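For the sequence shown, counting from 1, position 46 maps to 46 in my numbering; every step adds exactly one.
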Amino acid sequence: MILTHRIIEGIDIAALSGRLVMADAPQVRQKLLEIIEQGNGKLILNLAEVGFMDSSGLSVLVSAFKAARAKSGDLALLYLSPAVRSLIELTRLQQVFAIFDDEAAALARLR
């Protein structure tokens, strides 16, 4: 699992690449929580390159969402792959997460 981070207009954007599974979940969770803690709590999570995610990966997303909300921020998911979108919809988490297919729209939501 590869995580890259950049900041646009004070909003953190983290891009994940690979498989978000149990073996990678603790490290990814820790890094995302650090990004949220050091920033203003506004995070866009680009999942375009995540080909597979299991329940441990979902728990990482929920942890990041809760941490962002605790800082009066928010979390948006960007560019979900078909496999990840299917898992999100299967668990009905699309009712919790703001999901975007356009980075500008995600940035506008978090401004």
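Glycine included, C-beta positions come from ideal geometry on N, C-alpha and C.
Predicted, not measured: the structure shown is a model, and the values here were computed from it.
Non-local beta-carbon contacts of ALA64 in its own chain, meaning distances under 6 Å to residues more than five positions away in sequence, involve LEU32 and LEU75 in chain order.
LEU78 is a Cβ neighbour of ALA106, given a cutoff of 8 Å. Only exposed fits ASP102, as fewer than 16 other CB atoms lie within 10 angstroms of its CB. If you compare the alpha carbons of SER17, ALA25, LYS42 and PHE52 with that of SER86, the shortest gap goes to PHE52. Distance between GLU89 and GLN38, taken at the CA atoms: about 30 Å. One Cα belongs to MET22, the other to GLU9, and the distance between them is close to 32 Å. Linking ILE13 to ILE44 through their CA atoms gives a straight-line distance of about 5 Å. In the structure shown, ALA15 adopts extended strand secondary structure according to DSSP, grouped into three states.
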